[in-house]
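Protein sequence lines correspond, in order, to chains D and S.
Just so we're aligned: 146 in the working numbering is position 146 of the first sequence, and the numbers increase by one with no gaps anywhere.
All you need for the working numbering is the position in the second sequence, starting with 1, plus 1000.
For each residue, glycine too, the CB sits at the ideal point set by N, CA and C.
Number of protein chains: 2
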Amino acid sequence: MTQANNVAPLFRDLAKVEHEHHVACQSCALYRLCLPLGLHSDDLAQLDKIIKRSQSLSRNQSLFDSQAPFKSIYVVRSGAFKTTISASNGREQVTGFYFPGEFIGMDAIYSQSYQSTAKALETSSVCELPFERLQEFGAAMPQLQVQMMSRLSKELSSDKNLMVLLGKKTAEEKMATFLVSLSRRFQDRGFSATEFQLSMSRGDIANHLGLAVETVSRLFGRLQDDRLVRLEGKSVTIEDLEALQKLCG
Amino acid sequence: MTQANNVAPLFRDLAKVEHEHHVACQSCALYRLCLPLGLHSDDLAQLDKIIKRSQSLSRNQSLFDSQAPFKSIYVVRSGAFKTTISASNGREQVTGFYFPGEFIGMDAIYSQSYQSTAKALETSSVCELPFERLQEFGAAMPQLQVQMMSRLSKELSSDKNLMVLLGKKTAEEKMATFLVSLSRRFQDRGFSATEFQLSMSRGDIANHLGLAVETVSRLFGRLQDDRLVRLEGKSVTIEDLEALQKLCG
DNA sequence: CGCGCGTTTGACATGACTCAAATGCTGTGG
DNA sequence: CCACAGCATTTGAGTCATGTCAAACGCGCG
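What follows is the structure, encoded as structure tokens:
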């Protein structure tokens, strides 16, 4: 198997099975992680109707751009995305990476326009939830509203944790935290917690963690020398997860 | 007038008028900034009933602590708060400052326990919104739900901006951004955009911006030498807001 | 196969931190 | 009301982690 195959899109199989057949929420593999959790099945059927299962996006394609009017919230169905927001002078901050079952675009509800840009890191697909219609439904389904708030709240929590990371952690702690977070998220999705592919570039990682690319590269090297992880291009093997967790600070 | 009087609690007058008489939402000075915006007046009357107008907190008193079970969302009524979250090793990050009309505790909805600690920076009061009851009401008032999400989304946006600040800005840009943000928020509340009191310590500011106290002190000194602001203890006068905005990066 | 971008590696520069100490302010108790 | 203790703030000197610049390398796409 060549390197090229190793870096094949994450969750591609999932995409094949789930996305391309426009499967209903009830039988979606992501059900457990997704919005409909806790809805009655009649409600779910209703919700199902308003969800647009968009066609897939290829690497580097934008889901939406900054300043675009807010229409929908998106749930990653397969693949991976990054969101970025730019300071007035052109500098960009990667504000987050998003994997299947995670929501994108919620920070646009208030301002009614997307504050960030969302780009596919590999071939990916999303479920589109038109916000207006979601609201209409919400009136009849309080449970849905709770779910939505819960989602918003979850992202809020993880953003606060990112603040700690950016404000208080050393470069090494940042890297460890990043790897552990990826590990957990892959595990939650039924994948290996110790072997996975990085869909984002070193540059994206560096940017997200508030570091220089060179620092990320050196840190990867060091973690490897210390036998905590093994890296081969985009492929990661965590060799000592516990030690890595201790490094998180 | 002594220095002690200069640092009198922010919004104290507001507190006198609004809080101490347990005024209804309809006639609250913060109405324009607060949750009920856009509700019909019957709905508003209903909402009004479930709001607990808690007694005031004194300086350094906690509104809630990390790990406490989630019961309510709070809206600052008078005074000011800071929220902090601590990394496992004891380091703390000040995740935000909160002024009248702003919401605290929304990041607890998902986890059902407060992830952070909220402390009063001065004598302050809050409106307490029991979340359960808010949900019950929400079923009959879709507009309320939208408002809530809008609030959550707003905090999400400002957290993302904070990420840019922490990850990409220089110490000087951070300070300028911080001052400009305060200025805007005071203005929104009907106070002077150019003259106000800092209710938080240099230490809190430094922590929040990911800087050392000494750096904040030196930066204040420099901004003062450059005649962009004037500082006297906790009292700030912005002398050149435009220049400050240009410094935000 | 070759070009270009992403990544690694090395040498150096520096912004911000740490440590240290002086100064000032605040709140307390006599 | 004053004096004192303790904390907050400022100022100075020196260090260090991480950024910047430069160049070599190599993978992956056309």
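Please list the residues of the region 145–174 of chain D that have a C-beta atom closer than 8 Å to any C-beta atom in chain S, keeping them in chain order.
Gln145, Val146, Met148, Met149, Ser150, Arg151, Leu152, Ser153, Lys154, Glu155, Leu156, Ser157, Asp159, Lys160, Asn161, Leu162, Met163, Val164, Leu166, Gly167, Lys168 and Lys169
Who are the near neighbours of D:Met141 in its chain, counting only those whose CB is closer than 6 Å to its CB and skipping five residues on each side?
Taking the first residue of the first sequence as 1, we reach residue 141 of chain D at position 141. Only Asp43 meet the Cβ criterion.
Pull up the CB-CB distance for S:Phe1064 and S:Ala1118, whole angstroms please, since I reckon it's below 8 Å.
Within the second sequence, the letter at position 64 stands for residue 1064 of chain S. Within the second sequence, the letter at position 118 stands for residue 1118 of chain S. Correct: roughly 6 Å between the Cβ atoms.
In terms of alpha-carbon separation, which member of S:Leu1134, S:Ile1050, S:Thr1215 and S:Ser1150 lies closest to D:Ser111?
Locating residue 111 of chain D in the first sequence gives position 111, counting from the first residue. Of the listed residues, the one whose Cα sits closest to D:Ser111 is S:Ser1150.
Shorter than 7 Å, the distance from the beta carbon of D:Gln26 to the closest heavy atom of the ligand ATP, or not?
Questions concerning the ligand ATP fall outside what the structure shown contains, since it holds no ligand whatsoever.
Selection from D:Glu92, D:Thr83, D:Ser113 and D:Leu134 that minimises the alpha carbon distance to D:Gln67:
The sequence position of residue 67 of chain D within the first sequence is 67, counting from 1. Of the listed residues, the one whose Cα sits closest to D:Gln67 is D:Ser113.
Does DSSP put S:Leu1014 in a helix, a strand or coil?
What you label residue 1014 of chain S is simply residue 14 of the second sequence in a count that begins at 1. Here S:Leu1014 scores only 48 on pLDDT, less than 50, and its place in the model should not be relied on; the value that follows carries that caveat. Of the three classes helix, strand and coil, the one that applies to S:Leu1014 here is helix, per DSSP.
In chain S, what lies closer than 7 Å to D:Ile254 by C-beta?
Within the shown structure, residues of chain D are numbered from 1 to 249, placing residue 254 of chain D beyond reach of any answer.
Assign S:Ser1183 to buried or exposed, taking buried as 16 or more other Cβ atoms, counted over all protein chains shown, within 10 Å of its Cβ.
Here the question's residue 1183 of chain S lines up with position 183 in the second sequence. Buried, since its Cβ has 16 or more Cβ neighbours within 10 Å.
I'd like the list of long-range same chain contacts for S:Ser1157, defined as Cβ closer than 6 Å, with 5 residues on each side in sequence excluded.
For this step, residue 1157 of chain S is matched to residue 157 along the second sequence. There are no such residues.
With 16 other Cβ atoms within 10 Å as the buried cut-off, status of S:Ala1212
Residue numbering aside, residue 1212 of chain S sits at position 212 when the second sequence is read from its first letter. It is exposed - the Cβ of S:Ala1212 has fewer than 16 other Cβ atoms within 10 Å.
S:Gly1038 and S:Gln1147 look like a contact to me (Cβ under 8 Å); what is the Cβ gap, rounded to whole Å?
Counting from one through the second sequence, the residue named residue 1038 of chain S turns up at place 38. Counting from one through the second sequence, the residue named residue 1147 of chain S turns up at place 147. Their Cβ separation, rounded to whole angstroms, is 6 Å, which keeps S:Gly1038 and S:Gln1147 in contact under 8 Å.
CA nearest to the CA of D:Glu128, picked from D:Leu47, D:Met200 and D:Ser235:
Start at 1 with the first residue of the first sequence, and residue 128 of chain D comes out as number 128. Measuring from the Cα of D:Glu128, the nearest candidate turns out to be D:Leu47.
Assign S:Ser1058 to one of two classes, buried (16 or more other C-beta atoms within 10 Å of its C-beta) or exposed (fewer than that).
As a position in the second sequence, residue 1058 of chain S is number 58, starting the count at 1. Per the 10 Å Cβ criterion, exposed.
When burial is assigned at 16 or more other CB atoms within 10 Å of the CB, is S:Thr1177 buried or exposed?
If you number the second sequence from 1, residue 1177 of chain S lands on position 177. It counts as buried.
Drop a sphere of 10 angstroms on the beta-carbon of D:Gln187, count the other beta-carbons inside from all chains shown, and report buried for 16 or more, exposed for fewer.
As a working mapping, residue 187 of chain D is identified with position 187 in the first sequence. It is exposed - the Cβ of D:Gln187 has fewer than 16 other Cβ atoms within 10 Å.
What's the C-alpha gap between S:Leu1231 and S:Gly1190?
Working through the second sequence from its first residue, we reach residue 1231 of chain S at position 231. Working through the second sequence from its first residue, we reach residue 1190 of chain S at position 190. Each residue's alpha carbon lies about 21 Å from the other.
Along the region 113–136 of chain D, where does the CB come closer than 7 Å to a CB of chain S? Name the residues.
Gln115, Ser116 and Gln135
Go ahead and pull the three-state DSSP assignment for D:Phe178.
Taking the first sequence and counting its residues from 1, the one referred to as residue 178 of chain D is at position 178. D:Phe178 falls in the helix class under three-state DSSP.
Given S:Leu1209 as reference, the closest of S:Ser1088, S:Ala1108, S:Ser1181 and S:Met1106 once Cα atoms are compared
In the second sequence, the residue the question calls residue 1209 of chain S occupies position 209. Comparing Cα positions, the closest option is S:Ser1181.
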